[in-house]
Amino acid sequence: MFKKTNKIIHIVILLAALIILAAAAGIRNHFMKTQARQPEGENTMKAVYLQKEDGNSIFINLTDKYPFTGTIPQGELYDEDGEKITEKDLNNGDVLDIWGNGIIAQSYPAQYNGITKIQRTEQANQEYIEEYSHYLEELFVEKDPSQRPNLNVCYTDDLAQVSVSIPDPLSYTWTYEDQNGESQTITTDGPHILQTESTEITKLSEPVQMELEFDEKPESIQLLSWEDSLLGQYQDSAAQLPEGTAVEVTENEKGNLEFTAQPGTIYQVRGQWKNGAVDYGFWVPA
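Using our numbering, the first residue of the sequence shown is number 548, and each one after it goes up by one.
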């Protein structure tokens, strides 16, 4: 009787061991699949994609609940089954897994330019649309026709991607149509950039690539520079102000205008739009 009971116990123990091994194998396979979905060394976040009828769109980080913009990587956007799709296939309320370098610019909305892969996990989540659609109304307000374009100067340092807003233009001539359908023109004639206290972008020890990011892309642009040692020399002087040096500006893959900023330099940007011309100034000290 004892031997029979002992045999039954061994069988039960063997079955339990097999069940444990099978469960462990299942967990390991699930873990390996999960790991395979995230590229090694990259960060992932869950977000919802929101889009207005006019085409403007924004992402909302569902963990920390803040809005951000980001460039959808070409050829790295997938649906729920892992099939490649395009940005046109995304709809308001789609829930996404987003991979990237994790470097997010501290602006409002935040900017995530280091996205490497996006996969949709759910379509048109109505709960998220109702909860977060107010961001679309806040961020994409219909612009006053008398308002001039805004400029941000962007760059990447060792810690993050930074965006600096240029608060006021130096001077401008702007024509617009008022509520009565009549044409109005506003003209200001501000001081020369060497006679102003320009917005400081950042101190540099070596050249750095910077972007000129407008909320309305100009038809053309001119970028001039002066050594910042000239600042303050012409405040009360009737002497002729020195001409600026033309700086090469190119368009990058994101569609933003890009240039190489030099330490110890004052910059003036002149943008030309169909409504007029606007001058902006900023300073990159050494």
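All residues carry an ideal CB built from backbone N, CA and C; glycine is no exception.
Whole angstroms are fine: how far does the CA of residue j sit from the CA of residue i?
| i | j | result |
| --- | --- | --- |
| S745 | P810 | 15 Å |
| Q666 | D626 | 6 Å |
| P738 | L717 | 7 Å |
| Y719 | E795 | 22 Å |
| I813 | Y781 | 14 Å |
| Q708 | N727 | 43 Å |
| E674 | V642 | 11 Å |
| W646 | F615 | 14 Å |
| T735 | G823 | 12 Å |
| T618 | I650 | 13 Å |
| L661 | N648 | What sits at residue 661 in the sequence shown is Gly, not Leu. Their backbone Cα atoms lie some 5 Å apart in a straight line. |
| V755 | Y659 | 19 Å |
| Q787 | T633 | 55 Å |
| E589 | D644 | 12 Å |
| D705 | E729 | 50 Å |
| N803 | F687 | 19 Å |
| Q582 | N608 | Its pLDDT being 34, under 50, Q582 is placed unreliably by the model, and the measurement read from it follows with that caveat. One C-alpha to the other measures close to 21 Å. |
| K821 | D691 | 15 Å |
| L770 | E689 | 29 Å |
| L751 | E774 | 14 Å |
| V629 | I676 | Reading the sequence as shown, one finds Gly at residue 629 and not Val. Using only the alpha carbons, I get a separation of about 24 Å. |
| P789 | E678 | 55 Å |
For the putative contact between residue i and residue j, defined by C-beta atoms under 8 Å, what is the C-beta separation to the nearest angstrom?
| i | j | result |
| --- | --- | --- |
| A594 | G640 | With 8 Å as the limit, A594 and G640 do not qualify as a contact, their Cβ atoms being about 12 Å apart. |
| Y723 | S693 | 5 Å |
| G791 | S772 | 6 Å |
| A808 | M757 | 5 Å |
| L624 | K631 | 7 Å |
Looking at the ligand HEM, does it come within less than 7 Å of residue i, judged from the CB to the closest heavy atom?
| i | result |
| --- | --- |
| D626 | Judged by which ligands are present, the structure shown has none, so any question about the ligand HEM falls away. |
Quick one: residues in its chain with C-beta nearer than 6 Å to the C-beta of residue i, no 5 flanking neighbours on either side, listed in chain order?
| i | result |
| --- | --- |
| G818 | P765, I768, V825 |
| S654 | S710 |
| Q598 | S604, N639 |
| A564 | Bear in mind that the predicted position of A564 carries a pLDDT of just 49, short of 50, making it too unreliable to give a figure here. |
| N799 | E805 |
| L637 | Y596 |
Identify, in the order they occur along the chain, each residue of the same chain with its Cβ nearer than 8 Å to the Cβ of residue i, setting aside the five sequence neighbours on each side.
| i | result |
| --- | --- |
| T610 | M592, K593 |
| Q731 | S693, T722, Y723, E724, D725 |
| A570 | With a pLDDT of only 43 at A570, under 50, the local geometry of the prediction cannot be trusted, and no value is derived from it. |
| F606 | A594, V595, Y596, L597, P614, F615, T616, G617, L643, I645, Y659 |
| P714 | T746 |
| A652 | Q658, Y659, N660, C701, A707, Q708, V709, S710 |
When you compare the CB positions of residue i and residue j, do they come within less than 8 Å of one another, or not?
| i | j | result |
| --- | --- | --- |
| P620 | T668 | no |
| L759 | L698 | yes |
| I733 | Q815 | no |
| P696 | D762 | yes |
| C701 | S712 | no |
| T749 | G828 | no |
| Y596 | A657 | no |
| W830 | E753 | no |
In its own chain, which residues sit with a C-beta less than 7 Å from the C-beta of residue i, not counting the 5 before and 5 after it?
| i | result |
| --- | --- |
| T797 | E805 |
| L778 | L741, I813 |
Could you give the uninterrupted runs of the beta strand (DSSP E) lying entirely in the segment 654–681, keeping only those of 3 residues or more? 657–659, 662–669
Along the chain, which unbroken stretches of the beta strand (DSSP E) at least 3 residues long are found entirely within the segment 595–635? 604–608, 614–617
At 3 residues or longer, what runs of the beta strand (DSSP E) sit wholly inside the segment 719–763? For the segment 719–763, the full-length beta strand (DSSP E) segments reaching 3 residues or more read 730–735, 755–761 along the chain.
At which residue ranges does the segment 796–828 contain complete beta strand (DSSP E) runs of 3 or more residues, listed in the order of the chain? 804–808, 812–820
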